[in-house]
Amino acid sequence: MVTSNAAEDGVSKRRRKILDLVLSQVAPLAASSVMTFATAAILGAAGRGQLALILSGGALLGSIAFLSLHVGIVSAHRDGDPTATRRGWVIAGAIALIVAGAGLSVSVAFPTLKAGLFTRSTVLLIALGGAFVLFNLVVLRTRQGLGHSRIFRDSWFLQSITFPVLGIPVALLTDSPTLVAVCWYLALTLSTLYAMTKKMHHERAVSQISSRRIVATSLAAHAGSVGQQILFRGDVVVLGFLVSASSVGIYSIAMPIAGLIWVFSEALSLLAFDTGTRRESSLDRQRNRRNLVATNFKYGGLGAVLIAAGSWFLIPVFLPQYVDAIPLILILLPGVLIQGWARIGLSSILTTGSVGAPITIGALSALLSTLYIPFVVLWGVIGAAAASTLIYVLQTLVVAAVTRYVSKHL
């Protein structure tokens, strides 16, 4: 009877975590969609393209520079060192200052910089965004990895609401992509401060993990995740060098719409990583991964159908200047759906402590990302969409192969 009650409590707790994590993705996604469509209508395709380049460039830079420090911090916690959180966040703050300083240095040293849509001001704005993003990622992902899913959810919710609440009025009043980007910085700051100031459970240290080991553990995991981030953000950056601002604006509408499917796969991938302070067996990981993948394809497949139909009928009515985004969405949807498997698989691998697996995935993912360049050169935004789907499928096959190998050798 006790065993039965314990099992029921475990299932109930897991369901609550799934709900919290899904909500942590739904609210930001809904707010992000509102922000995307509002700025598209207010700023026009060219203005939207400039804003998308700043946001995507900053997010990519931050995703690269945050070094997945949360992985090392959470690992140290599992090994009995709760002081790792403070030290890890200090390291993240130092990296953020370096990134912001580097952007400022480039903008001062090259006042006439012009490469496609990239200018000195664009570089500075992207660097500042990267600094805010990287610190935000470390803090929030640490909270989530330690099992504080509600704090993680509330922090994302605060960030997602603050950006459109500030950004949409600013866009209406100023018609300035730059000032809208400043609103993004403020939203990131508020979210980070909220997560940092929420009280941590007091735990007694039973071991001392060095900062060097925290960074080393994080870098091993980061080798896998950074390649994945290049897959998600590299398309817009490449477009920024090779096509007009209006074309980037149209693509920046298509990608978020197709990416609505990721509300499920992202929440499920977070759950795959969320082991709190416990350790999982290889069998537990395999069973957990199978269940998460099945859930992803069930709800993601339904979402893909609804998104395709909704885009076909709604975009001509509400955003007629962006009808060229419809074929891009249809091209992107299959790859986005399949790539959900890779997200779940990679998060599951990160819980194993494997060093070689994330590095292999990261290297191959970065290599696959180079396909964006010839596709965009040859076919512009259509090429970017086609390359994205092809790259997502190929990367999923890579993650599946590596996951199978790791499962057999643990």
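Numbering (this note's numbering), first residue to last: 67 to 476. The beta-carbon is built from N, C-alpha and C at its ideal position, and this holds for glycine as well.
- With 16 or more other Cβ atoms inside 10 Å of its own Cβ, ILE161 counts as buried.
- Excluding residues up to 5 positions away in sequence, ALA453, ILE457 lie with their Cβ nearer than 6 angstroms to the Cβ of LEU437 in the same chain.
- Minimum Cα-Cα distance from PHE184 among the listed residues SER226, LEU119, ILE415, VAL389 corresponds to LEU119.
- ASN202 is not a Cβ neighbour of LEU127, given a cutoff of 8 angstroms.
- Here LYS264 carries a coil assignment [DSSP, helix/strand/coil].
- Shown here for LEU245: same chain residues with a beta carbon closer than 7 angstroms to its own, the five before and five after excluded, namely VAL236 in chain order.
- In this structure, ILE381 lies away from ILE373, with their beta-carbon atoms at least 8 angstroms apart.
- With a threshold of 16 other beta carbon atoms within 10 Å, ASP241 falls short and is exposed.
- Contact fails between the region 172-187 and the region 147-158, because fewer than three Cβ pairs, one in each stretch, are under 8 angstroms apart.
- At the C-beta level, GLY315 and ALA104 stay beyond 8 angstroms of one another.
- Shown here, THR185 sits in a strand according to DSSP, grouped into three states.
- A distance of 8 angstroms or more separates the beta carbons of MET321 and PHE229.
- Inter-residue distance for VAL468 and VAL459 is about 15 angstroms (C-alpha atoms, whole angstroms).
- With a cutoff of 8 angstroms on beta-carbon distance, VAL199 and SER98 are scored as not near each other.
- DSSP lists THR185 as the beta-bridge partner residues of LYS180.
- For LEU95, the closest alpha carbon among the candidates ALA450, SER187, LEU232, SER226 is that of SER226.
- Contact fails between the region 255-263 and the region 276-287, because fewer than three Cβ pairs, one in each stretch, are under 8 angstroms apart.
- In the DSSP annotation of this structure, the continuous segment of the alpha helix (DSSP H) that includes TYR317 starts and ends at 311-324.
- Residue state for GLY401 is assigned as helix, using DSSP reduced to three classes.
- Excluding its 5 nearest sequence neighbours in each direction, LEU191 has C-beta neighbours in its own chain below 6 angstroms: ILE120, ALA247, listed in chain order.
- According to the DSSP assignment, PRO235 belongs to the alpha helix (DSSP H) that extends over 215-240.
- Rounded to the nearest angstrom, the Cβ distance from GLY300 to PHE330 is 23 angstroms, too far for a contact under 8 angstroms.
- If you draw a straight line from the Cα of HIS214 to the Cα of SER221, it comes to about 11 angstroms.
- Taking the C-beta atoms as reference points, ALA166 is found no nearer than 8 angstroms to ALA131.
- For LEU170, the uninterrupted alpha helix (DSSP H) segment begins and ends at 150-175.
- In this structure ILE234 is not in contact with ILE323, their Cβ atoms being roughly 18 angstroms apart against a cut-off of 8 angstroms.
- Short of 7 angstroms from the beta carbon of ILE275, and not among the five residues preceding or following it, lie these beta carbons of its own chain, in chain order: ALA142, ASP145, ASP147, ALA150.
- Apart from sequence neighbours up to five positions away, the residues of its chain that approach SER187 with a beta-carbon distance below 8 angstroms are SER173, THR244, ordered along the chain.
- Close CB contacts of PHE441 within its chain, under the 7 angstroms cut and outside five residues either way in sequence, are with GLY449, ALA450, ALA452, ALA453 (chain order).
- Only residues of its own chain outside the window of five on either side were considered, and among them SER284, ALA287, HIS288, SER291 have a CB closer than 6 angstroms to the CB of SER134, listed in chain order.
- Shown here, PHE198 sits in a helix according to DSSP, grouped into three states.
- Annotation for VAL389: no alpha helix (DSSP H) segment contains it, and DSSP assigns it neither H nor E.
- DSSP places SER431 in the uninterrupted alpha helix (DSSP H) bounded by 422-435.
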